[in-house]
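Chains as they are written, first to last, in our numbering: chain A, 23 to 343; chain B, 23 to 343. The beta carbon of each residue, even a glycine, is placed where N, CA and C say it ideally should be. All remarks here apply to the structure that follows.
2 protein chains.
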Amino acid sequence: MRAMVMTDFGGPEVLVLQDFPEPDCGPGDLLIRVHAAAINPVDCKTRMAPRWGDRAPPMVLGFDASGVVEQVGSAVEGFAPGDAVYCSPSLLREGAYAELVAVDARVVARKPETLSHVESAAIPLAILTAWEALHDHARIQTGERVLIQAGAGGVGHFAIQLAKAAGCTVVTTAGYPESMALCRDLCADEVIDYTTQDPVEAAGSCDVVFDCVGGEVFNQSIDCLGVGGRLVTIVPGLPGDQINKLFGKNASLHFEFMGSAVMHERQPETQAAILAEVATLADAGKIKPHVSRIYTLEEIPDAHRQQESQRTLGKLVVGMT
Amino acid sequence: MRAMVMTDFGGPEVLVLQDFPEPDCGPGDLLIRVHAAAINPVDCKTRMAPRWGDRAPPMVLGFDASGVVEQVGSAVEGFAPGDAVYCSPSLLREGAYAELVAVDARVVARKPETLSHVESAAIPLAILTAWEALHDHARIQTGERVLIQAGAGGVGHFAIQLAKAAGCTVVTTAGYPESMALCRDLCADEVIDYTTQDPVEAAGSCDVVFDCVGGEVFNQSIDCLGVGGRLVTIVPGLPGDQINKLFGKNASLHFEFMGSAVMHERQPETQAAILAEVATLADAGKIKPHVSRIYTLEEIPDAHRQQESQRTLGKLVVGMT
Chain A
23 MRAMVMTDFG GPEVLVLQDF PEPDCGPGDL LIRVHAAAIN PVDCKTRMAP RWGDRAPPMV
83 LGFDASGVVE QVGSAVEGFA PGDAVYCSPS LLREGAYAEL VAVDARVVAR KPETLSHVES
143 AAIPLAILTA WEALHDHARI QTGERVLIQA GAGGVGHFAI QLAKAAGCTV VTTAGYPESM
203 ALCRDLCADE VIDYTTQDPV EAAGSCDVVF DCVGGEVFNQ SIDCLGVGGR LVTIVPGLPG
263 DQINKLFGKN ASLHFEFMGS AVMHERQPET QAAILAEVAT LADAGKIKPH VSRIYTLEEI
323 PDAHRQQESQ RTLGKLVVGM T
Chain B
23 MRAMVMTDFG GPEVLVLQDF PEPDCGPGDL LIRVHAAAIN PVDCKTRMAP RWGDRAPPMV
83 LGFDASGVVE QVGSAVEGFA PGDAVYCSPS LLREGAYAEL VAVDARVVAR KPETLSHVES
143 AAIPLAILTA WEALHDHARI QTGERVLIQA GAGGVGHFAI QLAKAAGCTV VTTAGYPESM
203 ALCRDLCADE VIDYTTQDPV EAAGSCDVVF DCVGGEVFNQ SIDCLGVGGR LVTIVPGLPG
263 DQINKLFGKN ASLHFEFMGS AVMHERQPET QAAILAEVAT LADAGKIKPH VSRIYTLEEI
323 PDAHRQQESQ RTLGKLVVGM T
């Protein structure tokens with residue numbers, strides 16, 4: 023099959039379109055014909071890493087997929103060839119920058135009926151991250167004040183929508199006119215322009231802060247937190263020098279790592295359950311992925327360059343047809 | 023009234039037995055005749071602090087009380103003079119090292135019927151801390167593996183009992199023969215001697231770690247945490263250099279500060295609800311305070327010295343009769 027193969031660790035140029043062996047469909051797997059995949063920051067980090075667990079190039083990245091079931095593993099129930107599905111393939115197996123991907127059936131759900139494959143592929147990894155951060159870690163409640171740091175990004179723009187769907191007051195930060203416009207379009211209640219406003223002053227005291235930026239913004243996030251507040255971060259390499267401020271607030275700090283459920287075999291079926299609920303929300307018009315650009319399989323190196331620019335609105339998607 | 027007054031910030035010698043004005047019983051207060059008070063580490067920290075919020079000596083410490091209602095504020099319902107009660111008086115008002123203490127009625131509960139005032143006074147602040155840490159922050163579940171760092175201390179010995187009452191497997195650390203004996207007596211499932219064993223190796227992978235020690239033990243606690251684990255700490259001045267390890271574990275870090283509910287007027291009535299539930303557990307024999315020594319009001323400076331020795335088993339109590 024055709025695949026965009028990571029031939030070595032390094033810059034975008036290590037991604038080369040090649041013929042690659044079709045993945046085996048294990049007894050617990052679904053083999054999915056990929057109609058669309060998406061780009062995530064973790065793709066670029068994996069590519070630039072000095073190593074990636076036990077895995078070594080050549081390997082195929084791509085941790086979002088929307089497509090059609092081609093083959094059903096012998097132990098799998100509830101799926102049939104022809105089903106339109108979406109999922110986040112495991113970080114530990116070959117990914118979705120390819121014509122076919124094999125995925126543990128326990129993480130797969132029917133794709134939203136009202137969305138295209140391109141739109142559906144934009145959803146899984148980013149929304150699973152936002153969902154786990156807001157619902158499993160922070161346990162957001164109706165009426166709470168929730169600050170999303172970087173609301174126009176891949177994870178952030180879903181976080182705004184999930185928090186709104188849960189009945190929260192959503193405050194978000196953005197730094198470009200088009201980012202602010204997207205946040206407003208997604209019905210964020212307050213949009214803070216961090217280039218002209220002090221986010222700590224503007225955000226006030228929040229019940230929950232979801233930090234998708236890290237570094238100095240992590241320390242700012244601590245200052246935006248009210249008593250009993252919950253701070254969730256998805257960005258490694260945090261400065262730890264301000265964490266003692268969290269005592270006076272009786273607060274908590276949550277480290278969201280989306281892959282861990284699957285990687286450590288901790289109830290991977292929760293991913294399918296979340297994606298099924300998200301499909302219902304999407305079909306009800308309550309979740310809308312923002313796809314800012316569609317690439318072909320061949321153009322994935324360009325998509326990586328755009329992802330690394332840190333100026334991507336919503337998601338970059340790879341259309342396979 | 024007679025009170026052990028903190029006449030200045032400083033060593034135990036600043037505590038002087040004096041005549042002190044009786045506290046006013048405000049409309050929302052209960053005036054309690056103190057039969058017993060208890061010593062907590064926060065008493066010593068307050069005494070040694072360069073300052074304490076807006077408060078200044080002369081002031082009365084003592085943040086645990088068991089006694090009898092002497093007077094009921096005009097707006098208070100559900101209490102009558104003569105009721106035997108226990109509570110943790112606010113850090114922001116005059117405390118219980120005195121014959122009388124005035125307390126917001128919303129934090130007061132009936133004392134356990136089967137326990138003496140001395141035993142009851144040992145309970146409030148420490149068990150509220152352990153309860154909020156384990157139930158509100160870590161949300162311990164039946165069957166989970168819970169590590170209590172320093173299980174023989176004031177907070178730790180209640181934490182062991184609460185986690186056992188919740189059906190957890192309880193692992194704890196201790197460093198002296200008498201500490202280990204107390205932990206075993208409280209039915210800890212595994213007692214790690216940290217002077218001869220490596221706690222990280224011995225504890226294995228825990229769902230919840232409750233760190234009552236801080237410093238290097240905080241970093242050890244991170245290493246004892248399994249995937250999806252929750253680490254709760256009550257010790258300020260934490261090193262922050264290891265927190266990024268919590269990402270790979272999809273873990274959370276909780277900063278328990280018992281006084282915050284009352285200090286910030288965030289549902290102070292939850293304190294009374296917890297203490298009422300604890301009284302039921304105590305009367306059922308499931309919570310047993312360990313009082314290692316009883317002091318008189320005059321002997322409080324000695325009690326502070328003992329508390330600061332860091333070798334106190336369970337609680338030090340002040341009997342007022």
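Beyond the five residues adjoining it in sequence on each side, ARG333 (chain B) comes within less than 8 Å, by CB distance, of TYR198 in the same chain, given in chain order.
Here the alpha carbons of VAL222 (chain A) and HIS179 (chain A) stand approximately 20 Å from one another. From the beta-carbon of PRO258 (chain A), the residues of chain B found nearer than 8 Å are ASN266, PHE269. Around the beta carbon of LEU37 (chain B), 16 or more other beta carbons lie within 10 angstroms, which makes this residue buried. If only complete runs of 4 or more residues are kept, the segment 108-169 of chain B shows the alpha helix (DSSP H) at 139-143, 146-153, in order along the chain. In this model, MET26 (chain A) and GLU287 (chain A) are separated by some 28 Å (Cα to Cα). For LEU335 (chain B), the nearest beta carbon of chain A is not closer than 9 Å to its own beta carbon. When secondary structure is reduced to three states using DSSP, ASP207 (chain B) falls in the helix class. The residue among A:ALA131, A:PRO111, A:ALA295 with its C-alpha nearest the C-alpha of VAL123 (chain A) is A:PRO111. Taking a cut-off of 8 Å for Cβ pairs, the segment 160-171 of chain A and the segment 180-188 of chain A touch, as three or more such pairs fall below it.
Nearest to LEU247 (chain A) by alpha-carbon distance, out of A:SER274, A:PRO79, A:ALA148, A:GLY32, is A:SER274. Judged by DSSP secondary structure, SER243 (chain A) falls within the alpha helix (DSSP H) whose first and last residues are 238-245. Under the 9 Å criterion on CB atoms, GLY173 (chain A) is classed as non-interfacial with respect to chain B. If you draw a 10 Å sphere on the C-beta of SER331 (chain A), you find fewer than 16 other C-beta atoms in it, and that means exposed.
Taking a cut-off of 8 Å on C-beta distances, the segment 131-145 of chain A touches the segment 296-306 of chain A, as three or more cross pairs fall below it. The segment 225-238 of chain B makes contact with the segment 251-261 of chain B, as at least three CB pairs between them are under 8 Å.
Rounded to whole angstroms, the Cβ separation of ILE54 (chain A) and VAL107 (chain A) is 6 Å, and the two are in contact under 8 Å.
The residues ARG167, ASP211, in chain order, have a CB closer than 6 Å to that of THR191 (chain A) in the same chain once the five nearest residues on each side in sequence are set aside. Counted as a single uninterrupted DSSP element, the alpha helix (DSSP H) harbouring ILE182 (chain B) occupies residues 176-187.
With fewer than 16 neighbouring CB atoms inside 10 Å of its own CB, LYS308 (chain B) falls in the exposed class.
The straight-line gap separating the alpha-carbon atoms of ASP30 (chain A) and PRO72 (chain A) is approximately 10 Å.
Counting every other CB atom within 10 Å of its CB across the protein chains shown gives LEU114 (chain A) a total below 16, marking it as exposed.
Looking at the DSSP output, LYS337 (chain B) bridges to B:VAL313.
Here TYR317 (chain A) has ALA325, VAL340 as same chain residues with Cβ atoms under 6 Å from its own Cβ, once five neighbours each way along the sequence are excluded.
Leaving aside the five residues that flank ARG206 (chain A) on each side, the residues in its chain whose CB is nearer than 7 Å to its CB run, in chain order, VAL213. A Cβ-Cβ separation of about 7 Å places GLY89 (chain A) in contact with HIS139 (chain A) under the 8 Å criterion.
Listed along chain A, the residues sitting closer than 8 Å to ARG288 (chain B) by beta-carbon distance are VAL249, GLY250. As a beta-bridge residue in DSSP terms, ARG77 (chain B) pairs with B:TRP74. Neighbours of HIS326 (chain A) across chain B, judged by C-beta separation under 8 Å, do not exist; the nearest C-beta is about 23 Å away. Boundaries for MET280 (chain B): no beta strand (DSSP E) harbours it, and the DSSP string shows neither H nor E there. Counting every other CB atom within 10 Å of its CB across the protein chains shown gives CYS209 (chain B) a total below 16, marking it as exposed.
The beta carbon of ALA102 (chain B) sits closer than 6 Å to none of the beta carbons in its chain outside the five residues before and after it.
Distances from the CA of ILE322 (chain B) to each of B:PRO45, B:PHE269, B:ALA60, B:LEU52 were compared; the closest alpha carbon is that of B:ALA60. Per DSSP, GLU330 (chain A) is one residue of the alpha helix (DSSP H) stretching across 322-330. Within the same chain, Cβ atoms closer than 7 Å to the Cβ of PHE42 (chain A) are found at MET23, ALA25, VAL27, VAL82, ALA120, the five residues on either side in sequence being excluded. In the same chain as HIS276 (chain A), and ignoring 5 residues on each side of it, the C-beta atoms closer than 8 Å to its own belong to ALA155, HIS159, ALA160, ARG252, LEU253, VAL254, THR255, in chain order.
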